[in-house]
Amino acid sequence: MSRPDYIPSLDGLRGLAALLVVQAHIGLVFPNTGLHFITMGSEAVGLFFALSGFLMAHLYGSRPVTKETVLDFLVSRFARIYPVYLAAVLLVAALSGMQSLNFVQPIIGGTEFLRHVFLMGSSGVFWSIPPEIQFYLFFPILWLCLTRPQRYSGVIAGLAVLVVVDGLLELPGPGILLVSKLPYFLFGALAGAMHSCWDRWRPSASTGAFTLFLLAVFFTYRHVLPGFSHEFWGLQSALAAAVIVALAARQPPIAAHVLAAAPMRYLGAISFSLYLFHVPITFLVRRAFDGLIPEPVLVLVALGVAAAGAWFIHETIEVPSRRLFVAWWRHHRRRAASRETPADTIEQAILDLQETEKRLLDGANAATMDKQQIPTTSELGAGRTVIQDNGDEKLRA
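Quick note, the sequence shown lines up with residues 217 to 613 if you use our numbering.
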């Protein structure tokens, strides 16, 4: 990646989160094996939300807020999410319609199917997509606050109050409404806005080690420290997720060697397809090979197929559909701009160009005539030899 705004460690962090979501769902497909694992899927999704807030603020927060930039942002995010999401919904709906399969996370009935198509469904991992899309719709307001904080100080204060109220009321999770996950997005966006202010800070190796330690605590504290509440969704976890993202974004030594390693970045690149498709893929692998090979081996096979399938979907559906959608939008924008240009303005521009060209030609002709003026004999004196240049040849007078 050569983009100046690309942060390899965040790709690896996204890959780690996707891997932990897959691990959390092993028990759904392989119940016997799942008994030996602790699940950290909620923590992984919380980290996804903080990452989303960080990246939106980091990538767009310093850009001007206009109608065109906001529309470009919304189209870009919709193209990033919806086509591959719809493909996953269609696959799960098809598997759910086969009663003999007994799919583990079904979409049942036409109403549920339409809810998922219109981004209001909650089956399986799909519950996290509605708040993500809702955050994209909300982000232009946050965008204005980032670019003009003094002008929109009242909005910023209102968001701060909303976060506090959210923490006091302990709005439930997972939920499909943005309000229940808003602290994760907002804290992540705040970290993204502050990222550019830390350019002079060069983190040390101890910072990298602390980042990895904090990451391990974030994913395991509910399971290894009985004094903590088993409820994950809250202000403390939202703040911790944002701090982890902010530290990882500085790419400190040690942490960067782990998170920015090629396998982690590969998982990050295919993370969204892996997130959406890992359950149906591993389920189909189990149905195809159950009883033929030992379950521990089958789990490894299923995970390998899920990773390969996610890469295939990423390359054939996710990336091409996003490029196609964005290219269509840009073409539409160009056509719309050309239609909005008045014909009389175009005609006047042509006339102006013609007039300018005429003046330039007249000036060039005048300069040529000046050079071609011939001195007379009386001016030069009789009996002197004169070189006359008529533009074609030299003659002696």
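All C-beta atoms, glycine included, are put in the ideal place defined by N, C-alpha and C.
Asked: Looking at the unbroken alpha helix (DSSP H) that takes in Cys-361, where does it start and where does it end?; Found: 345-363
Asked: Please classify Ala-552 as buried or exposed, where buried requires at least 16 neighbouring CB atoms within 10 angstroms.; Found: exposed
Asked: For Arg-550, name the three-state secondary structure that DSSP assigns.; Found: helix
Asked: Apply the 10 Å Cβ neighbour rule to Arg-293 and answer buried if 16 or more other Cβ atoms are within range, or exposed otherwise.; Found: buried
Asked: Verify whether the separation of the beta carbon atoms of His-548 and Ala-522 is less than 8 angstroms.; Found: no
Asked: Measuring only the C-alpha atoms, how far is Ala-233 from Thr-363?; Found: 30 angstroms
Asked: Taking buried to mean at least 16 other C-beta atoms within 10 Å of its own C-beta, is Gly-325 buried or exposed?; Found: exposed
Asked: Can you check DSSP and say which residues form a bridge with Asp-506?; Found: Ile-509
Asked: Report buried or exposed for Ser-316, applying the criterion of at least 16 other Cβ atoms within 10 angstroms of its Cβ.; Found: exposed
Asked: Can you have a look at Val-468 and say buried or exposed, based on whether 16 or more other CB atoms are within 10 angstroms of its CB?; Found: The residue asked about is misnamed: residue 468 is Pro in this sequence, not Val. Pro-468 is buried by the Cβ-count criterion.
Asked: For the stretch 278-296 and the stretch 350-364, state whether three or more C-beta atom pairs, one from each stretch, are separated by less than 8 angstroms.; Found: yes
Asked: Please state the DSSP three-state secondary structure of Tyr-368.; Found: coil
Asked: Should Ser-422 be labelled buried (16 or more other beta-carbon atoms within 10 Å of its own) or exposed?; Found: exposed
Asked: Classify Thr-592 as buried or exposed, calling it buried when 16 or more other Cβ atoms lie within 10 Å of its own Cβ.; Found: Any reading at Thr-592 needs caution, since the residue's pLDDT is 45, under 50, leaving its predicted position unreliable; the model's value is listed next. Answer is exposed; the Cβ neighbour count stays below 16.
Asked: DSSP three-state call for Asn-318: helix, strand or coil?; Found: coil
Asked: Residues in its own chain within less than 7 angstroms of Lys-587 by CB, not counting five upstream and five downstream?; Found: For Lys-587, the pLDDT reaches just 48, beneath the cut-off of 50, and the residue's location in the model is therefore unreliable, although a value from the coordinates is still provided. Here the set comprises nothing.
Asked: Is DSSP giving Trp-449 helix, strand or coil here?; Found: coil
Asked: If you drop the 5 nearest sequence neighbours on each side, which residues of the same chain put their C-beta closer than 8 angstroms to that of Ser-537?; Found: Ala-295, Pro-299 and Val-300
Asked: Are the beta-carbon atoms belonging to Leu-311 and Pro-496 less than 8 angstroms from one another?; Found: yes
Asked: Under a three-way DSSP split, which group does Thr-327 fall into?; Found: helix
Asked: Quick check on DSSP: helix, strand or coil for Thr-249?; Found: helix
Asked: Classify Val-281 as helix, strand or coil using the three-state DSSP reduction.; Found: coil
Asked: Using the beta-carbon count (16 or more within 10 Å), is Gly-262 buried or exposed?; Found: buried
Asked: Is DSSP giving Glu-259 helix, strand or coil here?; Found: helix
Asked: For Gly-231, does the count of other Cβ atoms within 10 angstroms reach 16, so buried, or fall short, so exposed?; Found: buried
Asked: Nearest to Gly-408 by CA position, among Lys-397, Thr-285 and Val-459, is which residue?; Found: Val-459
Asked: Which residues mark the beginning and the end of the alpha helix (DSSP H) in which His-411 is found?; Found: 398-411
Asked: Let me make sure I understand the geometry here. Which of Phe-448, Leu-398 and Ala-304 has the alpha-carbon closest to that of Gln-350?; Found: Leu-398
Asked: Val-341 and Leu-492 look like a contact to me (Cβ under 8 angstroms); what is the Cβ gap, rounded to whole Å?; Found: 6 angstroms
Asked: Determine the DSSP secondary structure at Glu-386, reduced to helix, strand or coil.; Found: coil
Asked: If we call anything under 8 angstroms between Cβ atoms a contact, is Val-237 one with Gly-269?; Found: no
Asked: When the Cα atoms are used, what is the spatial distance from Phe-401 to Val-320?; Found: 30 angstroms
Asked: Suppose you measure from the CA of Val-333 to the CA of Ser-396; what does that come to, to the nearest Å?; Found: 21 angstroms
Asked: Does the distance from the C-beta atom of Ala-260 to that of Val-461 stay below 8 angstroms?; Found: no
Asked: How about Pro-347 and Met-336: do their beta carbons lie closer than 8 angstroms?; Found: no
Asked: Starting from Ser-422, trace the alpha helix (DSSP H) both ways and give me its first and last residue.; Found: 421-440
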